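Reviewing the structure listed below.
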Amino acid sequence: MTSIVPQEQSSESKKNLSTEEHEDFRLFGLIAFLIADGMTFAGFFAAYLTFKAVNPIGPDAIYELELPLPTLNTVLLLLSSFTFHRAGKFLEKDEAKQCQRWLLITGVLGVAFLISQMFEYFTLPFGLTDNLFASTFYALTGFHGLHVTLGSIMIMIIWWQTRIQHGRVNKENKFPFEAVELYWHFVDGIWVVLFIILYLL
Amino acid sequence: MTISLEPRNSPPERLQPTGWLKYLSFSLDHKVIGLQYLVCGFLFYLIGGSLAGAIRVELTSPLSDFMPREVYNQVLTLHGTIMIFLWIVPVVNGAFGNYLIPFYVGARDMAFPRLNAVAFWLIPPSGLMLITSYFINGAAQSGWTAYPPLSITTPAAGQIIWILSVLLLGGSSIFGGINFIATILKLRRPGLKLMQLPMYCWAMLGTSILVVLSTPVLAGTLILLSFDIVANTGFFNPSLGGNVIVYQHLFWFYSHPAVYIMVLPAFGLVSEILPIHSRKPLFGYTTMVFSIMGIVVLGLVVWAHHMFTSGTPPWMRLFFTIATAFIAVPTGIKFFNWVATLWGGKIALNGAMLFSCGFIINFVLGGITGVALAQVPFDVHVHDTYFVVAHFHYIVYGGSVFVIFSSIYHWFPKFTGKMLNENIGRLHFILTFIGFNLCFAPQHWLGLNGMPRRVAEYDPQFQLINQISSLGALLMALSTLPFLWNIFQSLLYGEEAGDNPWNALTPEWLTSSPPPVENWEGEAPLVLEPYGYGRRDSIETQEQKK
Amino acid sequence: MPKLSATLTLISSVILGIGGVWIAYNVDMLPLGASMNAPIYDELYRVLFIIGSILFIGMTALVIYSLIQFRRKPGDTDDGINLEGNITLEIFWTAVPAIVVLFVGLYSYDIYDRMGGMQPLMHDHSAQMDNQAERLWGGIGSGPIETASSNNSSSLPIELTAMQFAFIFHYPKEDIITGELHVPLGKEVNLKMESKDVIHAFWVPQFRLKQDVIPGQPTILNFTPTKTGNFPIVCAELCGPYHGGMRSNVIVEEQEDFDTWLRENSKETV
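The listed protein sequences derive, respectively, from chains S, G and U.
Numbering-wise, our numbering puts 164 at position 164 of the first sequence, and it's gapless, one number per residue.
To convert a position in the second sequence, counted from 1, into our numbering, add 201.
To convert a position in the third sequence, counted from 1, into our numbering, add 747.
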């Protein structure tokens, strides 16, 4: 997702390049991608809601979902969005140490979410193929969990890259940071929708 | 925010392959990628066409005697999938989009060149994977729609490979769509307004919006379907409590917009070709733009007209009838505008023009049968019959493929610097047009009279008409020969084209043929009136003043 | 000159209009109509055919005329006129198709209603609108208007089970199981359909009716045959290798013949 703008062949091309400097539209591309990704979730949600409306599962098969664990998960993710934001503030101020610390907290929160999710999976009374509701439940949370996993890995990479004052990710080159932050907020937003639709409705 | 970006970090010039080898490399040049899409797509077209030939041979007799029944279903599945996902979608979007859009917006490349190359290089492996599945354990045999529970109960290996390759192709399509949106909206040359862009840009913008919004839903659906096949879940498996109709809704939420993903770029290409060869401005630019956007919006809310017989409540049938029929309005505007563009022009009867006009005639017929099919009471009789087969081939072959040929005749001089032979071009057109209509027009009658689609054996009373149809298919196959001859002959011995053989105003003609890397030697031209035919003098003086 | 071209336009449109109607009434592409649905369907078909022929012939004629009339003369390198649009014309050809489409939509709604598409399903069981009844989905003709008001007990209930690759009909009253559908002339038939494996579709071209037969999702289809004879039943949804061979027959016969058939077959099964 890097954009390449011809600049180096300066001697002969500098005189004529109209696209030499332009807006950084990499974030724009990422937003378009996240819209596409959001549509995948929208498809899953639509399927889940239709299944729920049209194919009600038999009374003997209803499993009440426990609320405490997913509520904890929601808190974890929302908190991590906040800590990511804090990290961004420190990056802006060029304080790599502080930024790194907040990034680490964000990453740990992400991993904690995954662990808690795993724990929920193991304690649930139903498995993937038990019934339609169970399958949809695992498909939705699993697909979201995949996103969280990828996000956590990317946060750790960013964390590694901010370890020195002027590393690869810094005040001047903060696209990787912004991209991961945007992605992370997106994943959190999806979780909130998922939490409402799957657990509360 | 304006930032200066890091310098281009591609390997130095001398390390990059030159000559024809660059077409096999991971090139970042949008023109190379465009031609890669085009040639790769055409190779898949030849494969898909051979499969269609096999189907037509099977149908010359009412018995299933040419190939085993399972193989027949594999062949029709592969034919549909290859033609849609490996020929039309990559070519009308990827090939011409990549080649032309940067020129039209006055840029030196696409917004994300590397993503662009990745998007292309996803296609050949997934296409090969799809085709080799036939030799491993049998390809998918549930049609390109892969309706469960049939797709769950047929041999799993082929179906899973089918899902994988469609997922990869969908990913390629999404990457391309993101790239086009960013290029058109963000990479425009300063001073160039959206309403001054050539129409193809608008078509690609609309198409890319559809790609980004609808393709992911197909991806999600196919993931669920693959769980049903591999992990024994029951999303779409009624015996496990699932619901097959939900699959159809999700599938058509992508696959109806997919029709517009195949024809909207074709509309855009025709809008470029007609003005140049009739030497008149495009008629009604503004209404054309609005009709494209109208088609995009309506295209997203009509999917259930593919499911009128699969058990849909009456209110849903009515809503989708009306919504679908209304797509005829913006589409109609475009066709009337094109005829008005021709009217009073100075029309060159060359390959490009003839194929474009053939497109108009074919597509009008396809559109009329489309409006008819949108009517629930009409559809319950002809749904899933040869009437539908005829309808969509008039749309995708008579529409998109005719436009692809038209565009090849039009842009070949720019691609290669050589002119094509127009006489052979006319022969190619006549053979294709007659063959196409001979093949598909009789299928309307077949459908109305009781021949369902996707069958290897049928009522003997339909034999004669089927043989006529197969004869048309043979003509279509033969028409490829003069075309290929023309291409190779011109590549080797063709007349030099010069920079602007059509005396056109759109930006891609204002550079050498073939264009250099980075598109222009000097500054990119600012073309504010891409369709200013008839008042060239005033435009040229304007340009000079700048 | 403008007067002349206006007259010519008018004359050609009238010829086109008459031609379209003539074609629609003289080119018959439909098979025999043998149900109460069929004449209504054919009426809609005719209207669509008239509009379609006018549009198609008109557009084709315009394109071919332009190609011949406005073809470039050898040696002419000038541009054509600089005509970038015409708001009146553009509004005209936005409005006219919109009106035509609206007309077609309303007309087909009317047709749909006359075919019985808007009748509530399972009107005889309205008291027990439980989950099961809600999940029944009907095809068109789920209650033709002539019989909907009359006593429902006059309709003949038949159960259809589709499987790879056959249709099995079951007459619940007489408990007859058969692979060929026998129905009496002029009596409403109430088909309740369900599939055992994959999706099939029940289609009788002469009845102009089709409804998918779906596993796990009963569907219903009502029709009233109006001609005696032997008509094909075709499966219209890809259902596997032998999809093309999944055909059967519906035999429409006079009431007496039908009763005889019922009697003979009940004896056999008893």
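Every residue gets a Cβ at the ideal spot worked out from N, C-alpha and C, and that includes glycine.
Treat the numbers as computed from the prediction; the structure is a model and nothing was measured.
Residue i versus residue j: straight-line alpha-carbon distance, rounded
i, j, result
"residue 648/G", "residue 583/G", "6 Å"
"residue 281/G", "residue 518/G", "26 Å"
"residue 663/G", "residue 352/G", "29 Å"
"residue 319/G", "residue 140/S", "28 Å"
"residue 783/U", "residue 957/U", "14 Å"
"residue 153/G", "residue 289/G", "Any property of residue 153/G remains undetermined from this structure, which presents chain G solely from 202 to 747."
"residue 400/G", "residue 929/U", "59 Å"
"residue 955/U", "residue 995/U", "16 Å"
"residue 221/G", "residue 235/G", "14 Å"
"residue 350/G", "residue 333/G", "24 Å"
"residue 489/G", "residue 755/U", "28 Å"
"residue 491/G", "residue 590/G", "30 Å"
"residue 726/G", "residue 652/G", "56 Å"
Residues of its chain near residue i, where Cβ-Cβ distance is below 8 Å and the 5 sequence neighbours each way are ignored
i, result
"residue 1012/U", "921, 923 and 925"
"residue 161/S", "167, 168, 169 and 176"
"residue 34/S", "182, 183 and 186"
"residue 158/S", "103, 169, 176, 177 and 180"
Closer than 9 Å at the beta carbon, the chain G residues around residue i
i, result
"residue 778/U", "649, 650 and 651"
"residue 783/U", "What residue 783/U touches in chain G: nothing, since even the nearest Cβ is about 13 Å away."
Beta-carbon neighbours of residue i, restricted to chain G and to distances below 7 Å
i, result
"residue 912/U", "Ordered by position in chain G, no residue passes the 7 Å Cβ test against residue 912/U, which lies about 10 Å from the chain."
Residues near residue i by beta carbon distance below 7 Å, same chain, minus five either side
i, result
"residue 976/U", "781 and 999"
"residue 372/G", "323"
"residue 84/S", "106, 181 and 184"
"residue 512/G", "446"
Residue i - DSSP class collapsed to helix/strand/coil
i, result
"residue 199/S", "helix"
"residue 1000/U", "strand"
"residue 249/G", "helix"
"residue 818/U", "strand"
"residue 787/U", "helix"
"residue 873/U", "Summary for residue 873/U: the model assigns pLDDT 37, below 50, so the residue's position carries little reliability, and this model does not support an answer."
"residue 272/G", "helix"
"residue 732/G", "coil"
"residue 303/G", "helix"
"residue 893/U", "Only weak support is given to the placement of residue 893/U: the predicted model assigns it a pLDDT of 41, under 50, and the question is left unresolved by the model."
"residue 828/U", "coil"
Opposing strand residues paired with residue i [DSSP bridges]
i, result
"residue 960/U", "947/U"
"residue 446/G", "According to DSSP, residue 446/G bridges with nothing at all."
"residue 619/G", "697/G"
"residue 942/U", "909/U and 962/U"
"residue 936/U", "903/U and 970/U"
"residue 977/U", "998/U"
"residue 548/G", "818/U"
Cβ of residue i within 7 Å of any chain C Cβ
i, result
"residue 436/G", "Note that chain C does not occur in the displayed structure, where the protein chains are S, G and U."
Contacts of residue i in chain U (Cβ-Cβ under 7 Å)
i, result
"residue 752/G", "What the structure shows of chain G is the stretch from 202 to 747, and residue 752/G is not part of that stretch, so it cannot be assessed."
"residue 496/G", "Those do not exist, as residue 496/G stays about 13 Å from chain U at its closest Cβ, beyond 7 Å."
"residue 546/G", "817 and 827"
"residue 526/G", "848, 851 and 852"
Cross-chain neighbours of residue i in chain U, by beta carbon under 8 Å
i, result
"residue 579/G", "788, 791, 792, 795 and 855"
"residue 481/G", "826, 827, 828, 829 and 830"
9 Å Cβ cut-off: residues of chain S touching residue i
i, result
"residue 232/G", "By Cβ distance, chain S contributes nothing, its closest Cβ being about 15 Å from residue 232/G, past 9 Å."
"residue 312/G", "3, 25, 26, 28 and 29"
Within chain G, the residues that residue i reaches when beta carbons sit closer than 8 Å
i, result
"residue 37/S", "417"
"residue 50/S", "444, 447 and 450"
Beta-carbon proximity list for residue i, same chain, < 6 Å, skipping 5 on both sides
i, result
"residue 117/S", "145"
"residue 327/G", "366, 369 and 370"
"residue 937/U", "902, 904 and 969"
"residue 840/U", "none"
"residue 710/G", "701"
"residue 200/S", "none"
8 Å Cβ cut-off: residues of chain S touching residue i
i, result
"residue 442/G", "55, 57, 131 and 132"
"residue 414/G", "35, 36 and 39"
Proximal residues of chain S, C-beta to C-beta of residue i below 7 Å
i, result
"residue 421/G", "40, 43 and 44"
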